[in-house]
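Visitor: Let me begin by handing over the structure; questions about it come next.
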Ligand SMILES: Nc1nc2c(ncn2[C@@H]2O[C@H](COP(=O)(O)OP(=O)(O)OP(=O)(O)O)[C@@H](O)[C@H]2O)c(=O)[nH]1
Ligand SMILES: [Mg+2]
Ligand SMILES: [Zn+2]
Ligand SMILES: [Zn+2]
């Protein structure tokens with residue numbers, strides 16, 4: 014094992030650059046070979062010396078001659094070999110350092126570029142985050158876990174099979190190659206894109222799946238057309254779940270998110286790739302749906318890694334889980350809607366989520382403080398409730414009181430006041446402490462009582478616009494249907 018083998022912590026199935034492998038073994042072999050030749054020559058002359066020694070006067074003279082020859086070959090040869098080897102070693106070391114310096118600089122430029130453009134990859138399956146995924150050689154299938162400038166090449170490397178692979182983002186690393194998650198082997202798309210990751214949190218039946226369904230459909234079918242953006246499927250699996258999602262949207266139903274595999278990974282993502290002239294590189298959007306049961310009880314589900322790198326968070330509150338709201342409005346609900354009201358207590362769900370925040374999400378408190386959080390009161394289509402929350406209520410409030418000039422700030426105020434007046438001041442405080450960058454919204458994902466036809470969402474895009482704008486300045490230029498102030502203006506006035 015050479016020194017470089019020992020230094021190489023992540024051996025790659027590729028040929029090392031000459032100066033980090035063959036160069037030094039060539040030097041070693043050259044020294045060894047010339048030494049041996051020289052030694053043999055000297056020994057040959059010594060042999061001739063002893064042969065000649067017994068042959069009278071001339072023999073002795075010859076013997077002296079051969080002895081001189083043997084000694085001079087040995088001494089001069091050794092010195093010459095030593096000097097030449099030293100020069101060879103110095104040149105080789107200098108070249109090695111030059112290559113080392115150059116690849117370190119290119120490595121750093123590549124890293125800075127990725128960081129500045131916020132490019133990384135996430136696995137929609139196990140939620141692992143990685144700067145660069147594992148790339149698979151298109152010719153032989155060998156896996157390159159660290160396709161970056163290094164001992165294997167600065168801009169390119171040669172796979173053991175002879176295929177040349179590019180090693181920096183700017184010269185096209187990964188273009189046309191299959192990328193896989195280093196942890197679980199899931200085939201990744203959008204590995205040259207900037208991700209936007211948004212998990213949706215809420216108790217069972219609070220309306221998470223309905224919200225995501227409404228968002229994905231409206232974003233892909235309406236908003237992106239209006240903005241001139243292109244949507245590409247993430248992979249065939251996500252494409253087929255999008256077809257199911259479209260059906261659910263058109264029929265106005267949602268199915269309960271699977272809890273069978275809670276002990277394993279319990280969040281599925283709606284993922285797609287977003288392209289447009291303002292997006293360079295393209296974006297890969299992941300919105301994570303999770304079974305509400307993850308936030309109730311004490312089930313020890315696997316850590317949901319997506320929270321560690323998420324760009325925003327949606328917390329959904331089902332207003333009918335609040336006892337006073339239930340008492341005031343439940344009699345106006347259809348039987349179908351009543352039967353769907355979650356049994357879980359909102360306070361318990363939020364408390365559980367906040368208490369288990371670290372265990373469940375791996376998020377430290379200091380990281381949570383930086384995550385923009387949209388708190389959404391769902392199902393505001395219910396009779397009576399739509400007059401208190403939602404666009405009409407906002408309009409009325411703005412007409413009545415000239416202090417309210419921004420509709421999103423007014424909605425934020427109305428929602429906070431609604432929760433406060435219904436005994437949820439504690440929840441407001443908890444959210445404020447854990448996620449200080451927050452905004453409140455009212456929404457009806459289905460737009461009407463459940464199972465009565467196609468979704469007609471109200472207020473779904475506003476929170477997502479706010480989160481996207483926070484996560485990615487490029488979306489601000491074009492996705493500006495609503496105007497958001499830096500901080501909700503009337504939040505302290507309730
Ligand atoms: N009226 C009305 N009902 C809704 C709305 N959104 C969701 N629901 C109903 O609430 C129930 C639960 O909705 P889901 O979206 O499946 O809730 P979830 O949070 O994904 O629930 P889990 O997957 O169990 O965690 C369903 O019966 C929906 O029809 C809405 O905007 N209006
Ligand atoms: Mg669900
Ligand atoms: Zn994975
Ligand atoms: Zn190969």
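Numbering (my numbering), first residue to last: 14 to 507. Glycine is no exception: its CB is placed at the ideal position from the N, C-alpha and C atoms.
Kindly provide the ranges of any beta strand (DSSP E) runs that are 3 or more residues long and lie completely inside the segment 385 to 457, ordered along the chain.
Guide: Correct list: 386 to 390, 451 to 455.
Visitor: Which one of 170, 144, 143 has the shortest CA to CA distance from residue 150?
Guide: Counting from one through the chain shown, the residue named residue 150 turns up at place 137. Closest option to residue 150, Cα to Cα, is 170.
Visitor: Taking residue 320 as part of the alpha helix (DSSP H), name the residues at either end of that continuous run.
Guide: Taking the first residue of the chain shown as position 1, residue 320 is located at position 307. 319 to 322 is the span of the alpha helix (DSSP H), which, as asked, contains residue 320.
Visitor: Throw me the rounded Cβ distance for the residue 99 and residue 40 pair, which I believe falls under 8 Å.
Guide: For the purposes of this step, residue 99 is taken as the residue at position 86 of the chain shown. For the purposes of this step, residue 40 is taken as the residue at position 27 of the chain shown. Not quite, the Cβ-Cβ distance comes to about 10 Å (not below 8 Å), so this is no contact.
Visitor: Report yes or no: do three or more beta-carbon pairs, one from the segment 323 to 335 and one from the segment 381 to 401, lie closer than 8 Å?
Guide: Verdict: yes, contact present.
Visitor: Within 10 angstroms of the Cβ of residue 12, are there 16 or more other Cβ atoms? Answer buried if so, exposed if not.
Guide: The structure shown does not extend to residue 12, since the chain is modelled only from 14 to 507, so the question has no answer here.
Visitor: Between the Cα of residue 467 and the Cα atoms of 264, 123, 27, 224, which residue gives the shortest distance?
Guide: Along the chain shown, one-based indexing puts residue 467 at 454. Comparing Cα positions, the closest option is 264.
Visitor: If we ignore side chains and look at the alpha-carbon of each, how far apart do residue 57 and residue 158 end up?
Guide: Taking the chain shown and counting its residues from 1, one reaches residue 57 at position 44. Taking the chain shown and counting its residues from 1, one reaches residue 158 at position 145. Between residue 57 and residue 158, the C-alpha separation is close to 53 Å.
Visitor: Give the DSSP-derived three-state secondary structure of residue 204 in the structure shown.
Guide: Along the chain shown, read from residue 1 onward, the residue named residue 204 stands at position 191. Looking at residue 204 - three-state DSSP - the assignment turns out to be coil, as it is neither helix nor strand.
Visitor: So for residue 520, helix, strand or coil by DSSP?
Guide: Past the boundaries of the shown model lies residue 520; the chain is included only from 14 to 507, so the question cannot be answered.
Visitor: Straight-line CA distance for residue 425 to residue 320?
Guide: In the chain shown, counting from the first residue as 1, residue 425 sits at position 412. In the chain shown, counting from the first residue as 1, residue 320 sits at position 307. Near 24 Å, if we compare the C-alpha coordinates of residue 320 and residue 425.
Visitor: Hey, would you say residue 571 sits closer than 8 Å to residue 172, going by beta carbons?
Guide: Lying outside 14 to 507, the shown extent of the chain, residue 571 is not represented and no answer is given.
Visitor: Would you list the one or two residues that DSSP bridges to residue 246?
Guide: Position 233 of the chain shown, counted from the start, is the residue given in the question as residue 246. Answer by DSSP bridge pairing, in chain order: 285.
Visitor: Closer than 6 Å is what we want: which residues have a beta carbon that near any heavy atom of ligand 3? List them in chain order.
Guide: Listed by chain position, these are 136, 138, 139, 141, 194, 196, 197, 199.
Visitor: Quick one: grab the DSSP three-state call for residue 159.
Guide: By one-based count along the chain shown, residue 159 stands at place 146. Reduced to three states, the DSSP call for residue 159 is coil.
Visitor: Name the two residues that bound the continuous beta strand (DSSP E) containing residue 172.
Guide: On the chain shown, position 159 is the one that residue 172 refers to. Its beta strand (DSSP E) spans residues 169 to 172.
Visitor: Comparing alpha-carbon positions, which option in 43, 177, 196 lies nearest residue 188?
Guide: Here the question's residue 188 lines up with position 175 in the chain shown. Ranking the options by Cα distance to residue 188, first place goes to 177.
Visitor: So residue 142 and residue 322 are supposed to be a Cβ contact under 8 Å. How far apart are they, rounded?
Guide: The count along the chain shown starts at 1 and reaches residue 142 at position 129. The count along the chain shown starts at 1 and reaches residue 322 at position 309. About 5 Å; that satisfies the 8 Å criterion.
Visitor: Relative to ligand 1, is the shortest distance from any of its heavy atoms to the C-beta of residue 217 smaller than 7 Å?
Guide: As a working mapping, residue 217 is identified with position 204 in the chain shown. Result yes, Cβ under 7 Å from ligand 1.
Visitor: Is residue 96 helix, strand or coil by DSSP?
Guide: Here residue 96 refers to the residue found at position 83 when the chain shown is read from its first residue. In the structure shown, residue 96 sits in a helix (DSSP, three-state: H, G or I).
Visitor: What does the Cβ neighbour count give for residue 256, buried or exposed, with the cut at 16 atoms within 10 Å?
Guide: Within the chain shown, numbered from 1, the residue matching residue 256 stands at position 243. It is exposed - the Cβ of residue 256 has fewer than 16 other Cβ atoms within 10 Å.
Visitor: Which term fits residue 115, buried or exposed, when burial requires 16 or more other beta carbons within 10 angstroms of its beta carbon?
Guide: Sequence index remark: in the chain shown, residue 115 carries index 102 (1-based). The residue in question, residue 115, is exposed, as its Cβ has fewer than 16 Cβ neighbours within 10 Å.
Visitor: Residue 138: which of 251, 47, 220, 126 sits nearest, CA to CA?
Guide: Counting from 1 along the chain shown, the entry for residue 138 is found at position 125. For the residues 251, 47, 220, 126, the minimum Cα distance to residue 138 belongs to 251.
Visitor: Around ligand 2, which residues pass a check of Cβ closer than 7 Å to any of its heavy atoms?
Guide: Those residues are 221, 222, 267, 269, 270, 302, 304, 305, given in chain order.
Visitor: Rounding to the nearest angstrom, what Cα-Cα distance links residue 197 and residue 299 in this structure?
Guide: Working through the chain shown from its first residue, we reach residue 197 at position 184. Working through the chain shown from its first residue, we reach residue 299 at position 286. If you take the alpha carbons of residue 197 and residue 299, they lie about 18 Å apart.
Visitor: Along the chain, where does the beta strand (DSSP E) that runs through residue 296 open and close?
Guide: Taking the chain shown and counting its residues from 1, the one referred to as residue 296 is at position 283. Note, residue 296: beta strand (DSSP E), 292 to 303.
Visitor: Suppose contacts are defined by Cβ-Cβ distances below 8 Å. Is residue 440 in contact with residue 451 by that definition?
Guide: Translated into the one-based positions of the chain shown, residue 440 becomes position 427. Translated into the one-based positions of the chain shown, residue 451 becomes position 438. Contact: no.
Visitor: Got a sec: does ligand 1 put a non-hydrogen atom nearer than 7 Å to the Cβ of residue 400?
Guide: Within the chain shown, numbered from 1, the residue matching residue 400 stands at position 387. No - ligand 1 has no heavy atom lying nearer than 7 Å to the Cβ of residue 400.
Visitor: Under 7 Å Cβ to Cβ from residue 259, same chain only, skipping five residues before and after it: list those, please.
Guide: Taking the first residue of the chain shown as 1, we reach residue 259 at position 246. These residues qualify, in order along the chain: 230.
Visitor: Quick check on the burial criterion: 16 or more other C-beta atoms within 10 angstroms. Buried or exposed for residue 62?
Guide: Residue 62 sits at position 49 when you count from the first residue of the chain shown. Its Cβ being crowded by 16 or more others within 10 Å, residue 62 is buried.
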